[in-house]
Amino acid sequence: MNKAAWLRIPAILGLICCLTGCWDRTEINDMAFILTTAVDLEKDGRIRFSVLVPLPGQMGGASGGGGGTSGEKSYYIDSETGATIREAQSKLQQRMSRRMFLAHRRTLLVGEELAKTGIRYIYDSTPRTPENRMTTYLIVTKGKAYELLQATPKFERFPAEAYRELVKSRTAITMNMKDIGVSLSAPGSDPVAPYMELKESQKSEKPSKEIEMAGYAMFKEDKMAGTLEGAAADGLAWLKNKTINTAISVKLAEDINVTTRVFDSQTNIKAKVAGGKPHFTIQVVCKSKILEVTKPFDLSQTENVVMVEQQISEHIKKAMQATIKEMQNNESDAAMLGGYLWRAYPAQWEQNFAKDWPAGLKDAQFQLHVSNALTEPGDIYNNVTQEEGSS
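FYI, the UniProt record's numbering numbers position 61 of the sequence shown as 61, with every residue one higher than the one before it.
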């Protein structure tokens, strides 16, 4: 063997030592997978940090008769307080035998009182740990976030699953931490977040504490300024060009109620400046279908179809008006209308509007136009009790 070959041997041996790959391993049995966290503001100004952790030993196996837990919860809830979120988390870690692992966290609950003081610092603590994901859903809770962890939803094994599925459902505007963070930094916009509360189920032998999507929390910059509930919450979806799966009921006569669903919509917003004031023209074009009619109503007649279409259009228009009113009263641009003004008139925005926005919404003029087409009246699904030939 020549001299060059002998010189290669130490180099190869040295490289082999670098290929072990196990010096920093963490066994799965040494980790506590956090499904959701909750942060609250205590009366003394300290932060309460709470976690929900699944307990693998309590989940049951294939022979568990449907995965039951013999009456015991399959998860564990604990909390601690500190001057900051990280301090509270560190103190909580000191009494947990496994290392908290947040990469599988699905939701972050923020108590209403804490949200009113500001959520921007949450975006400081989250990205500093690589395992935290910005796809986590941030949810504001009515009352204490810790209390929402105590929910006992019947359809899900873990409350965290119920929070996530409600946010992802087609009945709500889906947004995660990344979306809210973009709204915080974008010109002429304020963030909104899902707003949830506990709701006790109807009285029964074993009533449960269910989770309900109450609406949306509005922010002025990073501080919660108010809520959008009911019609105002639906109106936000139209203003943000989101189609949500919600039922719309309209009254056609004293004894005739019709329930419809909008399954397709498109919102177009144009901004202009006239007389030194912002003007917004909002055009909604949508399609709807009939879900239920309380009494026989001939939808083969054009005038009847037009009547339903007009009622739905008026309902959507009033919902958007309710949203705009709440935005003006709370000085929160939840619909990101300022962004349209900034893109259309960047120079005027910086000079005349940016400093006082969203307070400037109170001086804005709005023109709302809704065009609805009843494309699925359901004529082939007449009431089965109706006699043939009758209408």
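No residue lacks a Cβ here, since even glycine has one placed at the ideal position from N, Cα and C.
DSSP lists no bridge partner for E165. A Cβ-Cβ separation of about 16 Å leaves Q311 out of contact with L368 under the 8 Å criterion.
In the DSSP annotation of this structure, R133 is not part of any beta strand (DSSP E), being labelled neither H nor E. Within 10 angstroms of the beta-carbon of S288 lie 16 or more other beta-carbons, which makes it buried. Comparing alpha carbon positions, the residue from L361, A247, F366, D234 closest to A319 is D234. Just measuring C-alpha positions, the residue of V192, G215, P187, D190 sitting nearest L198 is G215. In chain order, F366 place their CB closer than 7 Å to the CB of I324, counting only its own chain and leaving out the 5 sequence neighbours on each side. Counting C-beta atoms within 10 angstroms of its own C-beta, L52 has 16 or more neighbours from the protein chains shown and is therefore classed as buried.
Pairing E376 with I290 gives a Cβ-Cβ distance under 9 Å. Nearest C-alpha to Q89 among E212, S125, G226: S125. According to DSSP, residue pairing for Q283 in a beta bridge involves N268, H369. Cα atoms of R98 and S189: separation of roughly 41 Å, rounded to the nearest angstrom.
With contact defined as three or more Cβ pairs closer than 8 Å, the region 299 to 316 and the region 353 to 365 are not in contact. For the options A172, E42, F155, the alpha carbon positioned closest to that of A83 is the one of E42. Secondary structure note for T107: its beta strand (DSSP E) is the uninterrupted segment 107 to 111.
When C-alpha distances from M96 are compared across S50, V262, D222, D356, the shortest belongs to S50. I180 sits buried, since 16 or more C-beta atoms from the chains shown fall within 10 Å of its C-beta. C-alpha of E221 to C-alpha of Q348: approximately 21 Å in a straight line.
Its Cα nearest to that of E112, the residue K144 stands out among Y137, E131, K144.
K91 and T141 have their alpha carbons spaced roughly 24 Å apart. When DSSP states are grouped into helix, strand and coil, G230 belongs to the coil group. Membership of D124 in the alpha helix (DSSP H) is indicated by the continuous run 122 to 125. Straight-line spacing of the CA atoms in G275 and Y345 works out to 14 Å. Around the Cβ of Y121, a 10 Å sphere holds fewer than 16 other Cβ atoms; the residue is exposed.
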